[in-house]
Each structure stands twice: as C-alpha cells, then as structure tokens.
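Numbering (the working numbering), first residue to last: 71 to 268.
Even glycine gets a Cβ: it sits at the ideal position worked out from N, Cα and C.
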C-alpha cells in the first residue's frame, strides 16, 4: 500500500516559500512560464500558508515534484540500498552546516536545504563502508566538498536545474583504492556544488 502524502493543510514557513520561488525561477528561466505568469505565481507563493497552496503555485510545471524534499525521498528510490538502512539527514535551511575533522560517514546521506551552505570535509572522516550515496535536494544553496587524496567522486546522477552548477576542482585521485562518493538528486535555484581535494 502506497504511503500517503502529507496533508495539504500542513502549514508552511519561509523556507518552503523560498523553495517555491526558486523553483518558479527555474521554470521561468527554462521557458515554462511567461513573465506575467511568473509574477502572478510568485505573489501567491509569498502569501501561501499551506502545502496545498504552494502545490497550486507549481501546478503543471516539471519542477513541481521538487517542492517538498521529504516527499521526494520517500517516493523516488534514487539509490538502491539494503533493507532497513536509513540515511543520515543533514538539513541547511537559511544556515550553514559543517561536517569536518573525524566524523562517521554512513552508507547514505540525505542533504536538503534552501538558502543554506553545506560544508562536507571527508579528509579525516571515518567511512562505514567502501562508498557513500549522497542524495541532494537543495535550492539556492552551496554544497562544498573536500576530498582526501584517494577519494573518488561521481556526480553524474545529479540533476542540475536552471542556473545551478557543479565545479570540480578536485581532479583525479592521487592514488587508487579510496572510498567512492556518489552524488544523486537535484540542485536548483542557482545552487552550486564545489569539489576540492586536499
């Protein structure tokens, strides 16, 4: 039996409104909306009080499914994982979240955020397996990643929407045999991923 979606009457706050505006920007820049439609929907988004009202703002747009990352993570099995393995969640709404030094990297990470910065430093991290799958669902955010000398990274599974970008400044691993970091999901609203290597 399919899991029911959150109630349309659930209240929303500024992070959800800003995510909707970012997605409208993406739709407008990609040619799915005329300027008048963009302006009308933006006004509604800024005054929306419930999830149902925000869903209406993005009706008939291809970006609509990205409005609520919690629903996407449940409905889209982007990464096949063993039964019972839940992702570690990192959320950065209007804030900066850092993981650095010695920290444990699980098999799965779910990174969400609007208007935030996520800084992940893997140089001294303790990986719990040979790889980590990181699902990104961020808008108007920056994701920074610092790799160790032997880490491999694969970001081919990331959907780069609108004016978002991936900047790989890491280059190839200095030696083979390191853990593999796989990125999937989507970045939107002029978000950026910046990858460097120590």
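Residue state for residue 174 is assigned as strand, using DSSP reduced to three classes. Here residue 122 has 78 as same chain residues with Cβ atoms under 6 Å from its own Cβ, once five neighbours each way along the sequence are excluded. In this structure, residue 97 sits near residue 133, with a CB-CB distance shorter than 8 Å.
Apart from the 5 residues on each side of it in sequence, residue 251 sits with its Cβ closer than 8 Å to the Cβ of 192, 201, 202, 204, 215, 217, 221, 222, 223 and 224 in its chain, given in chain order. Looking at the DSSP output, residue 182 shares a beta bridge with 161 and 207.
Going by DSSP, residue 115 is part of the alpha helix (DSSP H) stretching over 105-117. Pairing residue 180 with residue 157, the inter-Cα distance amounts to about 6 Å.
Taking C-beta atoms under 8 Å as the contact rule, residue 115 and residue 87 qualify, at a distance of about 6 Å. By the criterion of at least three beta-carbon pairs nearer than 8 Å, the segment 232-246 is in contact with the segment 256-267. In chain order, 232 and 259 place their CB closer than 7 Å to the CB of residue 95, counting only its own chain and leaving out the 5 sequence neighbours on each side.
For residue 90, the enclosing alpha helix (DSSP H) covers residues 84-99. Residues of the same chain with a CB within less than 6 Å of the CB of residue 244, apart from the 5 flanking positions on each side, are 219 in chain order.
Secondary structure at residue 122: helix, using DSSP grouped into helix, strand and coil.
The alpha-carbon of residue 207 is positioned some 11 Å away from that of residue 89. For residue 228, the closest of 130, 129, 186 and 255 by C-alpha to C-alpha distance is 255.
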